[in-house]
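Structure first, then comments.
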Amino acid sequence: MEKQLKEEKVFKDPVHNYIHVQDEIIWSLINTHEFQRLRRIRQLGTSYLTFHGAEHSRFSHSLGVYEITRRIISQFERAKYPDWPEEERMVALCAALLHDLGHGPFSHSIEHAFQMNHEDWTCKIVLGDTEVAAVLSRLGEDFPGKVASVIRKTYEKAIVVNLVSSPLDADRMDYLLRDAYFTGVEYGTIDMDRILRMLRPYQGRIVVKESGMHAVEDYLMSRYQMYWQVYFHPVTRSSEIILRQIFRRAKELFDAGHSFRFLPDPLPGLFQRELTVQEYLLLDEALVQTAFMQWRLESDDLLGQLCSRFLDRKLYKYVEVESLDMETIDDIRHAFEAAGLHPDYDLEIDFPTDLPYDVFRPDNESTEKQILLLDKHERLVEISEVSDIVRSISGLHRGKYHLYFPYEKVKAVLDQLPESIASIFIQK
């Protein structure tokens, strides 16, 4: 049974002005220790080393996604759209609030380093012996499972999944606005009010009224610009590379039986990939950065140097290369090794489209990943079929290869490298 709070709770928010909580379940979820942990996880991982204002948390983003979802559902309910299943309101709101619950320290960076998936951990928390699961179970024994299936995108009513996970969902709208605000860029500004007014529940999914096409075009263009100017920023990639190298080196030492001066739980379990839910919940950025502070004093010089680089923002430099083949990559690695450099730690080759973000592609195999417009005759059309702007940016694979390296170390051995390889690293 859904219960309303005696008095509405309100969060002051820099992006949405106010976030409104009227349901007792939502308020209880926010106050669980699992959700409060998200205050200690940055939304943009290591981007704060590129954009100093990017200190916002997964906590604030999750509240924002909840608020956008609440506004959409309220609009559907006021208009009494027959295609919106009103009984799904709480499932959608809880899934929106909890969708990022399983993110670890520095988000995607730690996922990449330890082959983890934050959605898997979110579902484990939602379904486990946790405060969140206990709160959700107040709405029925099967309710945590419903929320988990929305997060897994397997829920039987795709329209609920659409609200939280689709090309035009509450998650993306909040992070574009929030990330633009805190990084100080203008690319992510979108007319969200207009977009929300144009959303319609139709034939089991969320579509956009045709007259809202221009607002969606602006949204997709903003998303495109944010990916290339913020999320794909090469300086941020440099910090992510060093972060991954720290984790890689620490795990190598752990596997070799190294005696760490500082190795608190749950880091041993992380290295062994044998974490329980309760151990995983101990992971936050405060713990990881404390470990880095101690590891910079480790007897292993490589780990100490990497931690100092990360903490003091002594990042790797990079050069751009139009194209690279495997033969050239092997030549560079061999030349580095011959010059006394470590080819695994003093060189990283990166291509931006390998990042865990996806610029909108209308040719996806699933219509669930497309943005559909509803015309005045109630016909559905994929947006790129009628929008020149969307066609121009859809599916583009921009970017060049970036070679990351410790500048001072490579500079010291430049004369020992073959001229053809040295020339790559002394670009003007």
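With the working numbering applied, the sequence shown corresponds to residues 494 to 921, in that order. Ideal placement from N, C-alpha and C gives every residue a C-beta, glycine not left out.
| Asked | Found |
| --- | --- |
| In this structure, how does DSSP classify R582 when only helix, strand and coil are distinguished? | helix |
| Taking all protein chains shown into account, decide if H554 is buried (16 or more other Cβ within 10 angstroms of its Cβ) or exposed. | buried |
| Can you have a look at A641 and say buried or exposed, based on whether 16 or more other CB atoms are within 10 angstroms of its CB? | buried |
| What runs of the beta strand (DSSP E), each 3 residues or longer, lie entirely inside the stretch 697 to 737? | 698 to 702 |
| CB V657 to CB A749, shorter than 9 Å? | no |
| Keeping to the same chain, check which residues put their C-beta closer than 8 Å to that of G762; ignore five residues upstream and five downstream. | L768, T769, E772 |
| Compare the beta carbon distance of R631 and I518 with 9 Å and say whether it is the shorter of the two. | yes |
| Taking all protein chains shown into account, decide if V503 is buried (16 or more other Cβ within 10 angstroms of its Cβ) or exposed. | exposed |
| Is the CB-CB distance between Y809 and P694 below 9 Å? | no |
| Closest by CA to E778, which one among A673, L591, G597, V643? | G597 |
| Can you tell me whether T525 is buried or exposed? The criterion is at least 16 other CB atoms within 10 Å of its CB, across all chains shown. | buried |
| Please work out which residues of its chain come closer than 7 Å, Cβ to Cβ, to L910, disregarding the five sequence neighbours upstream and downstream, and give them in chain order. | A828, A832 |
| Using a Cβ distance threshold of 8 Å, determine whether the stretch 811 to 818 contacts the stretch 642 to 651, with at least three qualifying pairs required. | no |
| Cα separation between T676 and L804? | 20 Å |
| If the criterion is Cβ atoms closer than 9 Å, does the pair S731 and Y680 meet it? | no |
| By alpha-carbon positions, which one of I534, L866, L799, L907 ends up nearest to A708? | L866 |
| Assuming L629 is part of the alpha helix (DSSP H), what are its boundary residues? | 624 to 629 |
| Based on the DSSP output, what are the partners of I842 in its beta bridges? | L896 |
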